[in-house]
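Chains as they are written, first to last, in this note's numbering: chain A, 1 to 150; chain B, 1001 to 1150.
For each residue, glycine too, the CB sits at the ideal point set by N, CA and C.
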DNA sequence: TATCAAAACGCGACCAGCACGCAACAGCGT
DNA sequence: ACGCTGTTGCGTGCTGGTCGCGTTTTGATA
């Protein structure tokens, strides 16, 4: 198991931040909820237990948690940003056709990262924005001769 | 020289679209303007010659031009999308610190694209979203021992 | 346990970037 | 020049997110 809510709360205190109900619930939602929640989804999860929490509170908490290095956000495409614990940071491959999201194997970026570093001095951070493309299934559909219209 | 406005206008006619003042001006701005214009910047360029063109007209034209394969848009980071001619499509590396944008060498994505294809069946489209990272200069600054505060 | 400064909250207003509905207008085939 | 229909200008609306302000809460200290 990577991180419990209590450990994350301890990180908050270490960082000088206070521990509030909303904040704890955001962390709980991140630990126990679905894999790539948006701020909106986190808000829903938080409100399930504390209905009066305001959207801006969730946004501000995510910002603060990110400042402390507890969570990171990723853009998976055109929609809203998604959040996860910093301990679970990883690259993403997103299908432009169906929206399917998959975790990128860690070494997939190695060659490109090394090439960019050596040739351009550019240090890749391939986690912040997903790499777009077309997934197996959608590529198969696109390549199929005819979807047999009738 | 890649494309003249007249060639692009011909593409419009071939696609069944009409050629209007606003549309021609958008194309002109794309051909002759700065490298990675946003919709807003294109609007300004268009309005320099036709002050009454409305923002939504530019957005709709860009959408239509994209449908016809004349232009493509790219997301360089958190800001608005940027547009360029489809003939000039290329990958981008964007510095998360200073925002510097550079064109990615064509072969930089080869290894990753092949790896993704062979191992996951995933066909990379690395042009739609930029790859983020830290540029040479900002990496140097970050690595410097002390910026000599006084 | 009471006190209190500062942090965080709830709330609403606001912002950027963009999409949409509609009536008027203009391109272009005839 | 005519008329069909795509396009425009305009306002309005939506999503995703930020900000300022007055109130509440946290948690160190007494």
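Bounding residues of the alpha helix (DSSP H) (the contiguous stretch that carries residue i)
i: residue 138 of chain A; result: 136–143
i: residue 7 of chain A; result: 5–14
i: residue 44 of chain A; result: 39–49
i: residue 1021 of chain B; result: 1021–1032
Cβ distance (whole Å) where residue i is taken to contact residue j below 8 angstroms
i: residue 1066 of chain B; j: residue 1072 of chain B; result: 6 angstroms
i: residue 1015 of chain B; j: residue 1068 of chain B; result: 4 angstroms
i: residue 157 of chain A; j: residue 1136 of chain B; result: Nothing can be reported for residue 157 of chain A, as the shown portion of chain A is limited to 1 through 150.
i: residue 1104 of chain B; j: residue 1092 of chain B; result: 6 angstroms
i: residue 1046 of chain B; j: residue 1008 of chain B; result: So it is not a contact: roughly 15 angstroms between Cβ atoms.
i: residue 17 of chain A; j: residue 64 of chain A; result: 6 angstroms
i: residue 31 of chain A; j: residue 4 of chain A; result: 7 angstroms
The stretch 115–131 of chain A touching the stretch 1023–1035 of chain B, judged by at least three CB pairs closer than 8 angstroms: Touching, no.
Runs of beta strand (DSSP E) lying entirely within the stretch 55–112 of chain A, each at least 3 residues, in chain order: 71–74, 82–85, 92–95, 101–103
Stretch pair the stretch 1038–1047 of chain B + the stretch 1076–1085 of chain B: three plus CB contacts closer than 8 angstroms: yes
Contact between the stretch 1052–1063 of chain B and the stretch 1007–1022 of chain B (3+ Cβ pairs under 8 angstroms): yes
Meets three-Cβ-pair contact criterion under 8 angstroms: the stretch 89–98 of chain A and the stretch 1116–1127 of chain B: The stretch 89–98 of chain A vs the stretch 1116–1127 of chain B: in contact.
Stretch-stretch touch, CB-based, cutoff 8 angstroms, three pairs: the stretch 1106–1113 of chain B with the stretch 109–119 of chain A: yes
Proximal residues, the stretch 46–77 of chain A versus chain B, C-beta separation under 9 angstroms: 75, 77
Selection of the stretch 78–99 of chain A by Cβ proximity to chain B, strictly under 7 angstroms: 93, 96
Residues in the stretch 114–138 of chain A having any Cβ partner in chain B nearer than 8 angstroms: 115, 116, 119, 120, 121, 122, 123, 124, 125, 126, 128, 129, 130, 131, 132, 133, 134, 135, 136
Against chain A: residues of the stretch 1025–1038 of chain B by CB proximity under 7 angstroms: none
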